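Peer 1: Taking our numbering, the leading residue of the sequence shown gets 2, the next gets one more, and so forth.
Built from N, CA and C at the ideal position, the CB exists for glycine as well.
Nothing here was measured: the structure is a model prediction, and the numbers come from that model.
The structure that follows is given in the form of structure tokens.
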Amino acid sequence: MNLLSAENLTKAYGERILFSGLTFGINQGQKIALVARNGTGKSTLLDILAGKQPPDEGQVTFRKELKIGYLEQEPGLDPGLTVSETLFASENEVVQIIARYEAALKRPEDTKAYQKAFEAMERASAWDLETRFRQILSKLDLNDHGALVGKLSGGQRRRLALAHVLIDTPDLLILDEPTNHLDLGMIEWLEAYFRQHTGTLFMVTHDRYFLDRVCNQILELEAGELFTYKGNYSDYLREKESRETLMEVTAKKTRALYQKELEWMRRQPKARTSKSKARIEDFHTLKERARQRRKAHEVELEINMERLGTKVVELHNVSKSYGDRALFSDFTYHFKRGERIGLVGKNGSGKSTFLEVVCGHLDPDTGKVVHGETLKIGYYTQAGLQVDPGMRVIDVVREFGDYIPLKKGRQLSAQQLLERFLFDRKQQYDFVEKLSGGEKKRLFLCTVLIQNPNFLILDEPTNDLDIITLNVLENFLLDYPGTLLIVSHDRYFMDKITDHLFVFDGNGKVADFPGNYSDFRIFEQDKQDRDPDEGPRKESPEPREPSRERKGKLTYSQQRELRALEGEIAKLEDRKRQLEDLFTNPDLPGEELNERSRELSTVISDLEEKTTRWFELSAIEET
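Structure representation (structure tokens):
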């Protein structure tokens, strides 16, 4: 059943066209994610679908009596209402019945009102929703129902807005970055909630694990064109690779044809027949197509950062509390060159405070922090970049530095750094005030990196960044030779970048866990499975070998599997090369081209799967 149809949507701000001619539909039960670069109008498109603003051209058609729930990035909540009043501000009749029941529970002396509310709950069969209501509030840590919205933090208001749209049970949920301001435990709960959710979702999120586990369709907005991919994020990556391979083959054919036509143009035939004029016009069109190139966002740098001595940062028995609550106590650690540490723990457990203490912006209550003489800290904060909005993008970066020195005497200029982080030459001379929220985050990152720090501290660097930018940042950090200290709720990012974790338990203890976030979750699950009656974990996890490095010898069957995989991988690589060579044939029929493209996608998928398994077995064999 079709819930919503968008036809030829166009939106521009001044001379800047965000998107043009977008056409798609949303059907009941679909869980769709929109993927696009920052600044291409993702949030604006969500506003249009939710009826918050009209398109410049085109229209959105809704199914009759369709009920939409919309989570905005900046939810407009009434600061004068309480948490409870906000949650129950709904036209949903069942929600109103629950509201009256919850109010009756607070007045046990009024037995008549309680009996009336109880009977209404029975008639409406509202108990399941009431249970879900309490679960949502508990999982999102919204336990103070009497707190005024105006006194809540930005993260708390965001979680309240999310709870409100979930409780309202709309037909269609439109979500703009639903995982922002959620801690890792909350994200995993929301992920499980949406997997069981039978309703319809349309969302924008940069959380790639979330996309992989929740979505069944991906829409990608690229260069003003909308591409549709069935399946989750992993399916999208495979299909996108196949599509781009096909595009590259087409581009090669175009360039070959362009060279042929160029020779003809150079001869400049004197007879200007209608046929030759048409051919000239076609040539200019062909020229533009031949110039197109897929932009590769891979970063291959050899950064020549300032030397970092043996003493980096030393923490000696540092403690920090707020009131009676200890964030971390008697913590000692000596940071080493090149290590990559992630910080995990619930919101409010002290992670950002810890970063402030490490960089010297905040004094510990007890203990001391010692910085090495050659230490140069680069600190990316949640507060963002504070600059004059009337400045140009390139000038903002140049205020902090002109270039990053690379090895062999090479340099990465401010202009080149901006290009790597997806600011083209034209956009570099735009004013900061014209940038979107995600683009400002990108610019802030560039100002931190251009200073060439040897100790990089990142507090939620992935918030408001699109997936393309995240890939760029990850590649940059993988090449970064200095020490990294990161707070992030992006599990994919943490798995890719960090090699061990500081785990904050919220009660003053910080444990050093030797593995990435996925390793830590496996450890936690194993611990619960071993002792299901243990209840909530009170002690910090004991250090252990990461799951991917468990020691042990291969069994006979595993040895056979490993040898077989080597042969299978070789055959798949050969077939991949054959298919790619086949695509270079300009005379390949279109039908066969499509068939071989589908085969290539399958081969790439099988190759990835078997290679991953080979690495797993090889790691065991080598221990």
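Exposed or buried, which one is L212 when buried takes at least 16 other CB atoms within 10 Å?
Peer 2: So L212 counts as buried.
Peer 1: For the alpha helix (DSSP H) holding L478, just list the boundary residues, first then last.
Peer 2: Note, L478: alpha helix (DSSP H), 468–480.
Peer 1: I think I1 touches F134, with their Cβ atoms under 8 Å apart; what is that distance to the nearest whole Å?
Peer 2: Within the shown structure, residues of the chain are numbered from 2 to 624, placing residue 1 beyond reach of any answer.
Peer 1: In terms of residues, what are the limits of the beta strand (DSSP E) holding S322?
Peer 2: Here the beta strand (DSSP E) through S322 covers 314–323.
Peer 1: Looking at Y430: is its Cβ nearer than 9 Å to the Cβ of R209?
Peer 2: Against a cut-off of 9 Å, the Cβ pair of R209 and Y430 comes out as no contact.
Peer 1: Please work out which residues of its chain come closer than 7 Å, Cβ to Cβ, to M2, disregarding the five sequence neighbours upstream and downstream, and give them in chain order.
Peer 2: Result list for M2: N28, Q29, in chain order.
Peer 1: For the beta strand (DSSP E) that S6 lies in, which residues bound it at each end?
Peer 2: It spans 3–14 - the beta strand (DSSP E) in which S6 sits, taken as one unbroken run.
Peer 1: What's the C-alpha gap between F424 and T463?
Peer 2: So the alpha carbons of these two residues sit roughly 17 Å apart.
Peer 1: Once the 5 residues before and after F336 are set aside, which same chain residues still bring their CB inside 7 Å of it?
Peer 2: For F336, where only same-chain residues beyond five positions count, the Cβ hits under 7 Å are V313, V314, T484.
Peer 1: Can you name, in chain order, every residue of its own chain whose Cβ lies under 6 Å from the Cβ of A114, other than the five neighbours on each side?
Peer 2: Excluding residues within five positions, the ones whose Cβ falls inside 6 Å are A105.
Peer 1: Looking at the structure shown, is D460 part of a helix, part of a strand, or coil, going by DSSP?
Peer 2: Correct three-state label for D460: strand.
Peer 1: Using a Cβ distance threshold of 8 Å, determine whether the stretch 506–515 contacts the stretch 320–339, with at least three qualifying pairs required.
Peer 2: Contact holds: three or more Cβ-Cβ distances are below 8 Å.
Peer 1: Quick one: measure Cβ to Cβ for H207 and L19, integer angstroms, because I've assumed they're closer than 8 Å.
Peer 2: Actually they are not in contact, since the Cβ atoms of H207 and L19 sit about 19 Å apart, beyond 8 Å.
Peer 1: Spatial neighbours of A121 within its chain, please: CB distance less than 6 Å, with the 5 preceding and 5 following residues excluded, ordered by chain position.
Peer 2: Within the same chain, A121 has close Cβ partners I98.
Peer 1: Just tell me which of V604, R101, K107 has its CA closest to the CA of K117.
Peer 2: Selected option, being the one with the closest Cα: R101.
Peer 1: Spell out the partners DSSP gives L227 in its beta bridges.
Peer 2: Looking at the DSSP assignment, L227 forms a beta bridge with L222.
Peer 1: Find the nearest neighbour of L143 within the set K65, L174, D177, L183, judged by alpha-carbon distance.
Peer 2: Selected option, being the one with the closest Cα: L183.
Peer 1: Just list the residues that DSSP pairs V626 with in beta bridges.
Peer 2: As displayed, the chain neither begins before 2 nor continues past 624, which places residue 626 out of reach and without an answer.
Peer 1: Tell me the DSSP secondary structure of L82 in three-state form.
Peer 2: Correct three-state label for L82: coil.
Peer 1: Pop quiz: V150 and L82 are said to be a contact at Cβ under 8 Å. What is the actual Cβ separation, rounded to whole angstroms?
Peer 2: 5 Å between Cβ atoms; contact.
Peer 1: Applying the criterion that 16 or more other CB atoms from any shown protein chain within 10 Å of the CB defines a buried residue, is M495 buried or exposed?
Peer 2: Buried.
Peer 1: Do H490 and E461 count as a contact pair if the criterion is CB distance below 9 Å?
Peer 2: Yes, Cβ-Cβ distance for E461 and H490 is below 9 Å.
Peer 1: Compute the beta-carbon to beta-carbon distance between N1 and L376, rounded to the nearest angstrom, for a pair I have assumed lies under 8 Å.
Peer 2: Any property of residue 1 remains undetermined from this structure, which presents the chain solely from 2 to 624.
Peer 1: Quick check on T556: does DSSP put it in helix, strand or coil?
Peer 2: Looking at T556 - three-state DSSP - the assignment turns out to be coil, as it is neither helix nor strand.
Peer 1: Around the C-beta of T62, are 16 or more other C-beta atoms found within 10 angstroms, so that it is buried, or is it exposed?
Peer 2: With fewer than 16 other Cβ atoms within 10 Å, it is exposed.
Peer 1: Where does G509 fall in DSSP's three states?
Peer 2: DSSP places G509 in strand when its eight states are reduced to three.
Peer 1: Since V433 contacts V473 with CB under 8 Å, what's their CB separation in whole angstroms?
Peer 2: Their Cβ separation, rounded to whole angstroms, is 20 Å, which puts V433 and V473 out of contact at 8 Å.
Peer 1: Enumerated in chain order, which unbroken segments of the alpha helix (DSSP H) with a length of 4 residues or greater are wholly contained in the stretch 122–148?
Peer 2: Fully enclosed alpha helix (DSSP H) runs of 4 or longer: 128–140.
Peer 1: To which residues of the same chain is S414 closer than 6 Å at the C-beta, ignoring the five residues directly before and after it?
Peer 2: Closer than 6 Å at Cβ, skipping near neighbours: Y404.
Peer 1: Are the stretch 47–55 and the stretch 231–247 in contact at 8 Å, needing three or more beta carbon pairs?
Peer 2: The stretch 47–55, when compared against the stretch 231–247, does not touch it at the 8 Å Cβ threshold.
Peer 1: Give the list of continuous alpha helix (DSSP H) stretches no shorter than 4 residues that lie fully inside the stretch 20–96.
Peer 2: As far as the stretch 20–96 is concerned, its whole alpha helix (DSSP H) runs of at least 4 residues are 43–50, 84–88.
Peer 1: I'd like the span of the beta strand (DSSP E) that includes L450, first residue to last.
Peer 2: Note, L450: premise wrong, no beta strand (DSSP E); alpha helix (DSSP H) at 438–450.
Peer 1: Using the beta-carbon count (16 or more within 10 Å), is Q54 buried or exposed?
Peer 2: With fewer than 16 Cβ atoms within 10 Å of its Cβ, Q54 is classed as exposed.
Peer 1: Taking the CB atoms as reference points, tell me whether F524 and G516 lie closer together than 9 Å.
Peer 2: Yes; because the gap between Cβ atoms is below 9 Å, this pair is in contact.
Peer 1: With a threshold of 6 Å on Cβ separation, who are the neighbours of G156 within its own chain once the five nearest residues in sequence on each side are excluded?
Peer 2: Closer than 6 Å at Cβ, skipping near neighbours: H182.
Peer 1: Looking only at C-alpha atoms, which of T87, D467, F422, I304 sits nearest to G410?
Peer 2: Per the Cα distances, I304.
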